[in-house]
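A.B. asks: What follows is a structure written as structure tokens; I'll ask about it next.
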Amino acid sequence: MSSSRTVWQEAIRPFIFRKLVNQVSADVAVIGAGITGLSTALMLQEAGKHTVVLEARRVGSGVSGTSSGCLAPMLLDVRYGDILHHFSVEATRKVLESQVEALETIAWMVGHYRIDCDFRWIDGYLYAENEAGNRLLQKELEAFGKIDLPCEKLTPGESPLPFPVERAVRVPGQARLHPLKYVHALARRVERLGGEIYEHSPVIALNHGDPYVVTTAEGSVLANDIVLATHTPIGFHPLLQSKTIPCQSYAIGFRTPIPPQDALFRDMAEPCHTLRIGEDEQGPLVILAGEDHRTGEIRETEPCFERLEEYARQRFGMTSADYRWSAPIFRSADGLPYIGSALEEPHLYVATGFSRQGLTCGTLAALLISDEILGMAGPLDKLYDPNRVKPLTTAPTLVLENLGALAHFFGDRLRRSEAADTDEIAPGEGKIMDGDSGKLAVYRDDTGEIHCLSPICSHAGCLVRWNTFEKSWDCPCHGGRYDATGHVLNGPPLSPLEPVPLPLRSRS
Ligand code: FES
98 MSSSRTVWQE AIRPFIFRKL VNQVSADVAV IGAGITGLST ALMLQEAGKH TVVLEARRVG
158 SGVSGTSSGC LAPMLLDVRY GDILHHFSVE ATRKVLESQV EALETIAWMV GHYRIDCDFR
218 WIDGYLYAEN EAGNRLLQKE LEAFGKIDLP CEKLTPGESP LPFPVERAVR VPGQARLHPL
278 KYVHALARRV ERLGGEIYEH SPVIALNHGD PYVVTTAEGS VLANDIVLAT HTPIGFHPLL
338 QSKTIPCQSY AIGFRTPIPP QDALFRDMAE PCHTLRIGED EQGPLVILAG EDHRTGEIRE
398 TEPCFERLEE YARQRFGMTS ADYRWSAPIF RSADGLPYIG SALEEPHLYV ATGFSRQGLT
458 CGTLAALLIS DEILGMAGPL DKLYDPNRVK PLTTAPTLVL ENLGALAHFF GDRLRRSEAA
518 DTDEIAPGEG KIMDGDSGKL AVYRDDTGEI HCLSPICSHA GCLVRWNTFE KSWDCPCHGG
578 RYDATGHVLN GPPLSPLEPV PLPLRSRS
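Numbering (our numbering), first residue to last: 98 to 605.
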């Protein structure tokens, strides 16, 4: 299987929202119709604020729709032991409490709005398969002890997994849901309460004033407050973007003769694997996610899927995967998300750095941002302040990440051409070629037509790379992504890759 297909898309008949084609006004404009944007809009609508939600593609088509649907406040992929490295015990306890509050808020929403999204409370398990994993698990257990997180240590024989493990720990109080069903239900509810939702309305400009003016291709929104619920914020936010690490994660859905119990599982590998039970029309299946890497750093993504499939074959006797997809994720330098108003812009709110906790962190962001807009900000606001700087403990990460971005900015310009001529580019493939005055991003579509673009990212000038699985142009610097013909898919860029003429000598 070579194309991206999530478990979730199959089970949903999406409600269609119209495109924005005129000028509208709102108290709050929310950009991005995933869990963060729609939860924020719903909370604000409930409190009497008029909200307009703008979505570049379809509701839930971004990061929320590619989530694995795990709600695991106690099994963070940024482990509590690592958070304790950057923050005090008291602050780490607050992280745990806020993650639990976010999950309880989702559970409350499901009950209150009677959302049919396969929500279920389940146990979570951490497991180690070797000595290195065992040491990391021991460190995590010590962190659990410091922040009073209850768990039960199991002997290897008590593990509910159908393969042998060195050690496992049960952590109750996690949950799972169908992320697309959930966000679509939120969208319908926002509209029923008088909010406006527009699909296929990508933002092309944001003018900072009083009010803000958000411009889309065919319309605009005037608003007093702006919420950038686009994961990494659109536009130019150098401080925040220099602290945010764009990554790509992978997932497969498969059937097995030996399914695990209905629970969430996370191993102690680096990067970790997560497992859960899902369902489609043919019945239950297992969803396995992992193999994370920094965006744009791997051209051939097929080996990432092959490693996941090997993991599933060895442990579950899987024969082939029914679903394969990849998901963008954004990590912060110190492990905690950045949520709140951006530097010197008290009415512009951002929410990013969620790692793999997009569903709980998105809901947490909605709670914090809506409280802030309604003048009810609580004591947690400084913990997630997007302007925070932890100079000592995060300095090595920041230096490495910014050196990495600089290396891409300069080094990628010296990279060797991937094709000398267009006849070396197969249908459905993209390659970087040398042009007369610099590099070219060249894509041949399935009809054989060539699309020639400038590979210079419209955000801050790094060079994009071809993603063989998603068939997209990905920017390694801040996670911007474009489709094969250069239109923005997600990330900070506001404008497409520029079309450029193909040199005469390369036309074939
Ligand atoms: Fe920032 Fe491309 S996303 S330079």
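Just so it is clear, CB atoms sit at the ideal spot from N, CA and C, and this is done for glycine as well.
1) Pick helix, strand or coil for His575, following the three-state DSSP scheme.
2) Output the distance between the C-alpha atoms of His209 and Ala282, rounded to the nearest integer angstrom.
3) Can you give, in chain order, each stretch of the beta strand (DSSP E) that sits fully within the region 440-491 and has at least 3 residues?
4) Please tell me whether, using a cut-off of 7 Å, the distance from the CB of Ala320 to the nearest non-hydrogen atom of the ligand FES is below it.
5) Over the uninterrupted alpha helix (DSSP H) stretch that includes Trp205, give me the two end residues.
6) Between the alpha carbons of Asn321 and Trp422, how many angstroms are there, rounded?
7) May I ask whether a heavy atom of the ligand FES can be found less than 7 Å away from the beta carbon of Cys458?
8) Using a Cβ-Cβ cutoff of less than 6 Å, which residues in the same chain neighbour Met365 once the five nearest sequence positions on both sides are dropped?
9) Per DSSP, Ile331 forms a beta bridge with which residues?
10) How big is the Cα-Cα spacing for Tyr295 and Trp563?
11) Which residues in the same chain as Ala265 place their Cβ atom closer than 6 Å to its Cβ, once the five residues preceding and following it in sequence are excluded?
12) In this structure, does DSSP put Leu495 in helix, strand or coil?
13) Rounding to the nearest angstrom, what Cα-Cα distance links Val121 and Ala439 in this structure?
14) Does the beta-carbon of Ser551 have 16 or more other beta-carbons within 10 angstroms, so that it is buried, or is it exposed?
15) Less than 8 Å between the CB atoms is what I'm expecting for Leu465 and Gly437, so what's the real figure, rounded?
16) My output table needs one value for Arg410: the three-state DSSP class, helix, strand or coil.
17) Can you tell me the Cβ-Cβ gap for Leu168 and Ala272, rounded? I've got them flagged as a contact below 8 Å.
18) Heavy atom of the ligand FES less than 7 Å from the Cβ of Gly558, yes or no?
19) What distance in whole Å lies between the Cβ atoms of Thr312 and Val300, which are believed to be in contact at a cut-off of 8 Å?
20) Taking C-alpha atoms, which residue in Lys568, Gly472, His556 lies nearest to Pro330?
21) To the nearest angstrom, how far is it from the Cα of Glu228 to the Cα of Pro261?
22) With burial defined as no fewer than 16 other Cβ atoms inside 10 Å of the residue's Cβ, what is the status of Glu469: buried or exposed?
23) If you draw a straight line from the C-alpha of Ser534 to the C-alpha of Gly387, how long is it?
24) Determine which residues share a DSSP beta bridge with His556 and list them.
25) Nearest to Pro598 by CA position, among Glu567, Gly588, Thr565, Ala538, is which residue?
26) Considering only their Cβ atoms, is the gap separating Lys116 from Cys214 smaller than 8 Å?
27) If you drop the 5 nearest sequence neighbours on each side, which residues of the same chain put their C-beta closer than 6 Å to that of Ile374?
C.D. replies: With the structure as the only source:
1) coil
2) Near 12 Å, if we compare the C-alpha coordinates of Ala282 and His209.
3) 442-449
4) no
5) 186-209
6) 38 Å
7) no
8) Ala225, Gly230, Leu233, Leu234
9) Beta-bridge pairing links Ile331 to no other residue.
10) 30 Å
11) Tyr222, Tyr224, Leu251, Ser256
12) Confidence at Leu495 is low in this model, with a pLDDT of 48, below 50, so its placement is unreliable and the value that follows should be read with caution. Looking at Leu495 - three-state DSSP - the assignment turns out to be helix.
13) 24 Å
14) buried
15) 7 Å
16) helix
17) Contact flag correct, Cβ pair sits at about 4 Å.
18) yes
19) 7 Å
20) Per the Cα distances, His556.
21) Looking at the two C-alpha atoms, the distance is approximately 13 Å.
22) That one is buried.
23) 40 Å
24) BP columns for His556 are empty, so no partner.
25) Out of Glu567, Gly588, Thr565, Ala538, Ala538 has the C-alpha closest to the C-alpha of Pro598.
26) no
27) Counting only Cβ-Cβ distances below 6 Å, and skipping sequence neighbours, we find Asp359, Pro381.
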